[in-house]
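Trainee:
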Amino acid sequence: MPGDGPSAGPGRPRLGALDGMRGAAALGIIAIHVWMFLPDRGLATPGTLSDELMGQLRLGMPMFFVLSGYLIFRPYAAAAIEGRPLPRLGVYALRRVARVGPAYWIAILLTAAVLAGLGSGYAQPASVLPSFLLFLQVYDPSAMGRLNPPTWTVAVEASFYLLVPLFAILVAALTSRMRDPGRRRAVLAVACGGLLLTGATVLGLASLNGWGVDVRHTLPARLASFGAGMLVAVLAHDRRTSRRGTVALAAAGTALVLAEAGWLVSDLGPAAMHLALVDTPASIGFALVIAAVATGRLPGAVVFERGPLQWYGTLSFGVYLTHFPVIYVLRTLERFPDGPVAAIGLVLGISTVLAIVSWHVVEKPAIAWARRRTPSRTPAPRPVLVGASGD
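Per this note's numbering, the very first residue in the sequence shown carries number 10; after that it's consecutive.
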């Protein structure tokens, strides 16, 4: 979800496409959330084909998690494979807090204040604020799904940030005496694969058994997406693929994403299979696309590396934090349009303005401050994979 700014730049253009992917996911999430509030769902009633198709934009959520898994774990994977010391814990912690905390906390407090000031039916008592400010809303029934519902994903991200260094330390303890980088990579890959399988199992069981969001919206249930991204960080480190291999990876990944969306829309196969595999094929598919971007030159990637999608990738965290409060305010003021185009356009426009302010006034200065306080100790990774925003 949140990156440290554009990944593109001198000497690191390739991973700029990941910013564009993040931007596309953010736009899709806004579209589906606006769609949910339309009185007649715009073009169809709930449950019809167009409604089901719009619903698949939800797959932007696991894509955010896969991207985070790759970008956050990448410096740790590189250090472990090369036998270098792991990134310093203090540096990692300060940069993560600076990247996510200020914008998130301000968004939560402003949302609470504005909704309360308007006397909105969406306003929440001050008693829920500690849960939101401590990223604990997914564990608090009185806070879950309230105030700014999509921020459950930010809480899951925060949990993942805590997991990464602990996981890396444990795996590094297993690989520290191995002299062969290939063996170290293999151990890392198995460990990340274990996270993927664990997450797929937990989410599948939760879906099959009808467990609530108190399980499905927590880190254990989302480990498949994070683990898929982490696995790419391990397997793609210091590797290049041919043009044909890059296209094959991207094509296979896209096919998996479309397959999951397609079988849900068309209701193919047993319902139990849909529930057991929910989000896992798409997560693996997104991971394959990221691997293609990270290890080769993907034809057409310029669409994501430059232009509106890359720009929205930079603003994605601010857009994500503000779009639901914007919907709430418009509905409170009875200014929420009835038509899908007008509604999406208005919410996106206002959210974009707020995200620009957030980026230039809060996020970018916080990132710069953290980097000044935590100068890098180790040289940048090799050019083939530079540009990660997790360190």
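Each residue gets a CB set at the ideal place from its N, CA and C atoms; glycine is no exception. Given the structure is predicted, the values throughout are model-derived calculations rather than measurements.
How long is the line joining the alpha carbons of V211 and L205, rounded to whole angstroms?
Mentor: If I take the Cα positions, the gap works out to 10 Å.
Trainee: Can you give me the Cβ contacts of L232 inside the same chain, cut-off strictly under 6 Å, excluding the 5 residues immediately before and after it?
Mentor: Correct list, in chain order: L204, T207 and G208.
Trainee: Just to confirm the assignment, what range does the alpha helix (DSSP H) spanning S216 have?
Mentor: P190 to L217 is the extent of the alpha helix (DSSP H) around S216.
Trainee: Roughly how many whole angstroms lie between the Cα atoms of L355 and P290?
Mentor: Approximately 33 Å, taken between the alpha carbons.
Trainee: Of all the options Y101, A181 and V312, which has the alpha carbon lying nearest to the alpha carbon of A200?
Mentor: Among Y101, A181 and V312, the Cα nearest to that of A200 belongs to A181.
Trainee: Taking G130 as the reference, give the member of G69, R249, L265 and T341 with the closest Cα.
Mentor: Among G69, R249, L265 and T341, the Cα nearest to that of G130 belongs to T341.
Trainee: Please classify R248 as buried or exposed, where buried requires at least 16 neighbouring CB atoms within 10 angstroms.
Mentor: By the 10 Å Cβ count, R248 comes out exposed.
Trainee: With C-beta atoms as the reference, is S367 less than 8 Å away from G322?
Mentor: Result no, Cβ atoms of S367 and G322 do not sit closer than 8 Å.
Trainee: Hey, quick one: how far does the alpha helix (DSSP H) through F326 stretch, first residue to last?
Mentor: Residues P317 to T341.
Trainee: I'd like to know if the stretch 274 to 291 and the stretch 250 to 257 are in contact, where contact means that at least 3 CB-CB pairs between them fall below 8 Å.
Mentor: Not touching, per the Cβ criterion.
Trainee: Suppose the cutoff is 6 Å on Cβ atoms and the five residues either side in sequence are ignored; what does the same chain contact list for L330 look like?
Mentor: Excluding residues within five positions, the ones whose Cβ falls inside 6 Å are A116.
Trainee: Given a threshold of 16 other Cβ atoms within 10 Å of its Cβ, counted over all protein chains shown, does T304 qualify as buried or as exposed?
Mentor: The residue in question, T304, is buried, as its Cβ has 16 or more Cβ neighbours within 10 Å.
Trainee: With a 10 Å radius around its C-beta and 16 neighbouring C-beta atoms as the bar for buried, classify A132 as buried or exposed.
Mentor: A132 is buried by the Cβ-count criterion.
Trainee: Let's test the definition: count the other Cβ atoms within 10 Å of the Cβ of P11 and tell me whether it reaches 16, buried, or not, exposed.
Mentor: Result: buried.
Trainee: I need the DSSP call for A53, collapsed to helix, strand or coil.
Mentor: Legend: pLDDT at A53 = 47, less than 50; position of this residue unreliable, value from coordinates given subsequently. Here A53 sits in coil by DSSP.
Trainee: Quick check: the Cα distance between P48 and D347, rounded to an integer number of angstroms?
Mentor: If I take the Cα positions, the gap works out to 7 Å.
Trainee: Measuring CB atoms only, is the stretch 75 to 93 touching the stretch 239 to 247, in the sense that at least three cross pairs come out at less than 8 Å?
Mentor: Yes: the two stretches touch, three or more of their Cβ pairs being nearer than 8 Å.
Trainee: Report the residue ranges of all alpha helix (DSSP H) runs contained in full by the stretch 345 to 388; include only those spanning at least 4 residues, in chain order.
Mentor: Segments of the alpha helix (DSSP H) lying fully in the stretch 345 to 388: 349 to 366 and 373 to 382.
Trainee: What is the DSSP secondary structure of H432, reduced to helix, strand or coil?
Mentor: Limits of the chain in this structure are 10 at one end and 400 at the other, which puts residue 432 out of reach.
Trainee: Determine the extent of the alpha helix (DSSP H) in which R231 is found, giving its start and end residues.
Mentor: Counting along the chain, the alpha helix (DSSP H) containing R231 begins and ends at L228 to L244.
Trainee: When the Cα atoms are used, what is the spatial distance from R108 to V147?
Mentor: Looking at the two C-alpha atoms, the distance is approximately 21 Å.
Trainee: If I measure Cβ to Cβ from R380 and keep anything under 8 Å in the same chain, skipping five residues before and after, which residues do I get?
Mentor: Taken in chain order, the residues that qualify are R104.
Trainee: Output needed for L52: all residues of its chain with C-beta closer than 6 Å, excluding positions within five of it in sequence on either side, in chain order.
Mentor: With a pLDDT of only 46 at L52, under the threshold of 50, the placement of this residue in the model should not be trusted, and no figure is reported.
Trainee: How do the stretch 260 to 271 and the stretch 95 to 103 stand: do at least 3 beta-carbon pairs fall below 8 Å, yes or no?
Mentor: Taking 8 Å as the limit for Cβ pairs, the verdict is that the stretch 95 to 103 does not touch the stretch 260 to 271.
Trainee: Please state whether DSSP places F313 in a helix, a strand or coil.
Mentor: Reduced to three states, the DSSP call for F313 is helix.
Trainee: Answer yes if the stretch 24 to 44 comes into contact with the stretch 305 to 319, meaning at least three C-beta pairs across the two stretches below 8 Å, and no otherwise.
Mentor: Judged by Cβ distances under 8 Å, the stretch 305 to 319 makes contact with the stretch 24 to 44, as three or more pairs qualify.
Trainee: Suppose contacts are defined by Cβ-Cβ distances below 8 Å. Is F141 in contact with A125 by that definition?
Mentor: Cβ atoms of F141 and A125: not closer than 8 Å.
Trainee: So does L273 have its beta carbon nearer than 7 Å to some heavy atom of the ligand GDP?
Mentor: Here there are no bound small molecules, and the ligand GDP is not part of this structure.
Trainee: Do you know offhand how far V266's Cα is from G32's?
Mentor: Roughly 17 Å separates the two Cα atoms.
Trainee: If you run the structure through DSSP and keep just helix, strand and coil, what is R252?
Mentor: Looking at R252 - three-state DSSP - the assignment turns out to be helix.
Trainee: Quick one: give me the first and last residue of the alpha helix (DSSP H) that L290 is part of.
Mentor: Going by the sequence as given, residue 290 is Pro instead of Leu. T289 to T304 is the span of the alpha helix (DSSP H), which, as asked, contains P290.
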